[in-house]
Ligand SMILES: NC(=O)C1=CN([C@@H]2O[C@H](COP(=O)(O)OP(=O)(O)OC[C@H]3O[C@@H](n4cnc5c(N)ncnc54)[C@H](OP(=O)(O)O)[C@@H]3O)[C@@H](O)[C@H]2O)C=CC1
Ligand SMILES: O=C(O)C1=N[C@H](C(=O)O)C[C@H](O)C1
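In my numbering, the protein residues as written are 59 to 296.
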């Protein structure tokens, strides 16, 4: 498979390593200093593009890739205010896109546990719930995309929580997400339920970026010859 890497930072490099090990070819590496090479002609050389850049550039990159009909795997976080536009364009124009706030197998299993735990906790108003996420200091967005996914899963299931908020709150209906930035932290997420009687917490800790990178390559292999919008749930068959 011929892969174009859009974004060649920490994740782009980790993805390159896994892709080469799995026998793929990197035909294009695009970063901030060679953006003039981000053209339809250059992207036509790739079977699939893998986009990991930044919250500010992701929407523009993904829009162009879809316009040029390049099957795309996007991992950039912090741009989902534009998600509905991207979804509509992909559906209406029969394009191919995988999006996941987190590509690791472990976090996608953690998502399923988070959903089930929220369902079990829904009738038990004596428990409060909050989320915590810990990442390295270079991270540009806050809260993490993964924490937003976890929050949405909880808000869909626990009616006493009505919105998430990225700071402490005295309002019991707020789902608090606390963000901590410390090095080196590839990504830790905690869902914590507390009551006067006991606490239950679930934690996922990434030890490095290999899980994210491997998942992104699996997603690229999955979407290469498909049309539609997919998440890691479909890629992993969860
Ligand atoms: N979904 C998932 O599983 C994961 C998602 N992420 C997300 O992926 C994104 C990238 O993470 P990471 O690799 O750690 O970040 P890095 O900052 O290490 O790398 C991003 C790279 O993209 C470059 N870049 C910025 N804008 C553009 C552009 N318009 N075109 C091409 N390249 C550009 C940056 O250049 P410069 O530094 O000069 O701006 C940088 O080299 C983040 O949004 C992060 O949250 C990260 C890990 C896992
Ligand atoms: O920026 C990162 O590093 C990460 N970003 C993703 C997120 O925002 O959830 C996934 C992972 O936690 C690492």
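Note that CB positions come from ideal geometry on N, CA and C, so glycine has one too.
Worksheet item: Should residue 289 be listed as close to ligand 2, given that the test is whether its C-beta is under 8 Å from any heavy atom?
Response: For this step, residue 289 is matched to residue 231 along the chain shown. It does not: the Cβ of residue 289 is nowhere closer than 8 Å to a heavy atom of ligand 2.
Fill in: residue 96 vs residue 122 beta-carbon contact at 9 Å
Reading the chain shown from its first residue, position 38 is the one you call residue 96. Reading the chain shown from its first residue, position 64 is the one you call residue 122. Yes, the Cβ-Cβ distance between residue 96 and residue 122 is below 9 Å.
Worksheet item: What residue does the alpha helix (DSSP H) around residue 117 start on, and which one ends it?
Response: Here residue 117 refers to the residue found at position 59 when the chain shown is read from its first residue. Residue range 116 to 125 is occupied by the alpha helix (DSSP H) that includes residue 117.
Discussion item. Just checking residue 201 against ligand 1 - is the residue's beta carbon closer than 8 Å to any of the ligand's heavy atoms?
Written reply: Counted from its first residue, the chain shown places residue 201 at position 143. Because no heavy atom of ligand 1 lies under 8 Å away, the Cβ of residue 201 does not count as near it: no.
Worksheet item: To which residues of the same chain is residue 104 closer than 7 Å at the C-beta, ignoring the five residues directly before and after it?
Response: The count along the chain shown starts at 1 and reaches residue 104 at position 46. Answer for residue 104: 60, 61, 62, 85, 86 and 128, listed in chain order.
Worksheet item: Which residue comes first and which comes last in the alpha helix (DSSP H) that contains residue 91?
Response: The residue given as residue 91 occupies position 33 in the chain shown. It is not in any alpha helix (DSSP H) - residue 91 carries neither H nor E in the DSSP assignment.
Fill in: In chain order, each alpha helix (DSSP H) run of at least 4 residues that lies wholly inside the segment 226 to 293
268 to 281
Discussion item. At the level of alpha carbons, what is the spacing between residue 77 and residue 275?
Written reply: The residue labelled residue 77 in the question sits at position 19 within the chain shown. The residue labelled residue 275 in the question sits at position 217 within the chain shown. Looking at the two C-alpha atoms, the distance is approximately 6 Å.
Worksheet item: Roughly how many angstroms separate the alpha carbons of residue 282 and residue 92, rounded to a whole number?
Response: Taking the first residue of the chain shown as position 1, residue 282 is located at position 224. Taking the first residue of the chain shown as position 1, residue 92 is located at position 34. Between residue 282 and residue 92, the C-alpha separation is close to 25 Å.
Fill in: Reduced DSSP category for residue 130 - H, G, I as helix; E, B as strand; rest coil
Translated into positions along the chain shown, residue 130 becomes position 72. Residue 130: strand per DSSP, three-state reduction.
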